[in-house]
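According to the UniProt record's numbering, the sequence shown holds residues 1 to 364 in order. Here is the structure we will look at, set down as structure tokens.
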Amino acid sequence: MNPFNKKTGRVVLGGAGWSRQIVTDPTSKPVLQTILHALSLGIRAFDTSPYYDPSEILLGAAFSDPALTSQYPRSDLLLMTKCGRITANEFDYSPSAIRASVLRSLERFSTPYLDVVFTHDVEFVSREEAIDAVKTLFEMKDEGLIKHVGISGYPPAVLADIAVDVKEKLGREVDVVQTYCHLNIQNTTLVKSLGKLYGDAGVGIVLNASPICMGLLRKGGVPIGELGDFHPAPRGLREAAAKAAEWVEEKGDNMASLALRYAVGKFASVDEKGLGVTILGGGSIQEITENVETVKMMLKRESGDSSENGDLREFSDFNEEAYKADEPLFKGVQEILGEWIDYTWESPDPGFYEAQKRRKEEQK
């Protein structure tokens with residue numbers, strides 16, 4: 001079941017921009033004003049997680065504020081969050097914890113239902129734990145607390161396998177799958193898994209998050225928040241990305257904009273269902289405005305009108321002409337990235353399970 005339609009559009013605003021992983025002092029940001037601006041541009045879908053602390057709290061307060069609720073009915077919004085991941089190294093996929101997390105999210109958003117709830121970074125837990133957590137979400141869907149059930153994580157192939165297992169063992173299909181850093185100018189391996197996700201697993205919609213690879217594909221390198229340098233990209237990839245960004249600047253363009261144009265255009269062109277929904281970053285009015293204008297470069301209205309003026313939701317068709325115009329820059333960047341094309345890091349990293357084992361022994 002796909003929650004996205006013409007009313008929601010092809011774009012989701014991600015909430016990690018108000019997390020301590022990405023920025024310092026996220027509580028000082030004008031969240032309500034930023035969300036109202038995003039809504040004025042036509043964004044209607046929003047994604048966060050308790051793990052993106054304090055993003056869910058800040059967004060919940062914004063979406064509960066009369067300044068917003070008086071203008072935008074709840075039925076016009078698509079609110080998504082996650083459950084199961086607590087900290088960088090702590091997960092709790094038990095049915096009781098999943099239920100408690102969802103109930104807390106409902107309270108934070110002051111809403112009787114959430115449009116989508118994902119199990120967060122599902123590759124970090126056992127397959128049995130993953131299936132049990134999804135089962136709990138389906139139960140809450142049956143209770144009317146959740147409209148759509150999703151799974152999220154880094155490796156698309158693993159997500160596809162889990163979605164197939166859910167279908168086989170629970171007799172129900174995952175509604176939404178969210179993966180990140182796997183459909184961008186450096187890595188397009190999500191494309192290989194779309195057939196299995198939509199076909200064998202029967203997934204309703206696949207969301208592509210982190211189109212600039214968690215800040216790697218931009219001038220200045222990865223963002224450093226209160227929690228330090230969290231990005232798993234190795235030194236060689238970082239250096240290649242920095243070199244590519246310099247080359248793009250020399251060509252009179254901007255690496256972050258080019259990377260976003262590539263991701264939006266590529267997804268719109270390869271997604272057999274013609275959906276291609278992208279989760280954008282943006283923790284400020286300026287950043288969101290720039291990202292929305294960039295998205296409009298790669299999409300056009302169904303009528304064929306290529307004008308970039310108007311509500312973002314009006315832009316739904318792939319703008320092949322614009323994509324082809326950027327191809328020399330796309331190819332130039334990929335040539336510089338060279339051996340790092342389609343590189344993926346391990347998720348979880350090799351030391352994760354050993355660290356988990358040590359923590360459990362210490363707790364005894």
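Think of the CB as a built atom: it goes at the ideal place given N, C-alpha and C, for glycine as much as any other residue. Because the structure is a prediction, the values reported are computed rather than measured.
Rounding to the nearest angstrom, what Cα-Cα distance links residue i and residue j in this structure?
i: Trp340; j: Glu239; result: 10 Å
i: Arg74; j: Val116; result: 14 Å
i: Trp247; j: Asn254; result: 10 Å
i: Glu354; j: Gly17; result: 31 Å
i: Tyr113; j: Leu258; result: 37 Å
i: Val134; j: Glu287; result: 34 Å
i: Ile98; j: Glu335; result: 44 Å
i: Gln186; j: Tyr343; result: 8 Å
i: Val206; j: Gly14; result: 15 Å
i: Leu337; j: Lys243; result: 8 Å
i: Asn291; j: Asn2; result: 24 Å
i: Ile86; j: Arg358; result: 18 Å
i: Leu36; j: Ile285; result: 9 Å
i: Pro66; j: Tyr72; result: 10 Å
i: Met214; j: Ser28; result: 22 Å
i: Asn89; j: Phe352; result: 7 Å
i: Gly276; j: Arg104; result: 30 Å
i: Leu79; j: His148; result: 11 Å
i: Ala241; j: Thr294; result: 20 Å
i: Arg10; j: Asp271; result: 12 Å
i: Ile146; j: Met140; result: 6 Å
i: Thr111; j: Asp121; result: 24 Å
i: Asn184; j: Glu314; result: 23 Å
i: Thr179; j: Gly252; result: 31 Å
i: Lys82; j: Pro50; result: 7 Å
i: Arg127; j: Trp345; result: 20 Å
Does DSSP put residue i in a helix, a strand or coil?
i: Ser152; result: strand
i: Tyr198; result: helix
i: Val203; result: coil
i: Arg85; result: strand
i: Thr179; result: strand
i: Met80; result: strand
i: Gly332; result: helix
i: Gly42; result: coil
i: Asp165; result: helix
i: Asp47; result: strand
i: residue 368; result: The structure shown has nothing for residue 368, since the chain only spans 1 to 364.
i: Arg20; result: coil
i: Asn187; result: coil
i: Ile341; result: coil
i: Val295; result: helix
i: Lys192; result: helix
i: Glu123; result: helix
i: Tyr52; result: coil
i: Phe138; result: helix
i: Phe4; result: coil
Just reading off the alpha helix (DSSP H) that residue i is part of, what are its end residues?
i: Arg218; result: Arg218 -> no alpha helix (DSSP H), and no H or E assigned at all.
i: Leu145; result: Where Leu145 is concerned, there is no enclosing alpha helix (DSSP H), given that its DSSP letter is neither H nor E.
i: Gly258; result: For the record, residue 258 in the displayed sequence is Leu; it is not Gly. Its alpha helix (DSSP H) spans residues 255 to 270.
i: Gly60; result: 55 to 64
i: Val248; result: 235 to 250
i: Ile98; result: 95 to 109
Under the criterion of a Cβ to heavy atom distance below 6 Å, does residue i qualify as lining the ligand FAD?
i: Thr278; result: For the ligand FAD, the structure offers nothing, since it holds no ligand at all.
Skipping 5 residues on each side, what residues in its chain have a beta carbon closer than 7 Å to that of residue i?
i: Arg20; result: Pro26, Asp53, Gly225, Glu226, Leu227
i: His182; result: Pro156, Thr189, Leu190
i: Thr24; result: Gly225, Glu226
i: Asp311; result: Gly42
i: Ala62; result: Val31, Leu32, Ile35, Leu68
Run through the DSSP bridge pairs and tell me what residue i is partnered with.
i: Val11; result: Thr278
i: Arg301; result: Phe315
i: Asn208; result: Thr179, Thr278
i: Glu90; result: Thr87
For residue i, I'd like the list of residues in its chain whose CB is within less than 8 Å of its CB, leaving aside the five on either flank, ordered along the chain.
i: Met298; result: Arg261, Val264, Gly265, Ala268, Phe318, Asn319, Ala322, Tyr323
i: Asp229; result: Val222
i: Asp76; result: Lys7, Arg44
i: Leu170; result: Ile131, Val134, Lys135, Phe138
i: Leu197; result: Pro156, Leu159, Ala160, Ala163, Val177, Val203, Val206
i: residue 428; result: With the chain covering only 1 through 364, there is no way to say anything about residue 428.
i: Lys192; result: Pro156, Ala157
i: Thr289; result: His37, Leu41
Between which two residues does the beta strand (DSSP E) harbouring residue i extend?
i: Asp317; result: 315 to 318
i: Leu114; result: 114 to 119
Near residue i, which residues of its chain fall below 6 Å by C-beta distance, leaving aside the five closest residues on each side in sequence?
i: Phe124; result: Phe91, Pro348
i: Glu173; result: Lys167, Gly202
i: Ala256; result: Ile212, Arg218
i: Val333; result: Ile185, Ala244
i: Asn208; result: Leu183, Phe267, Thr278
i: Gly281; result: Gly14, Gly17
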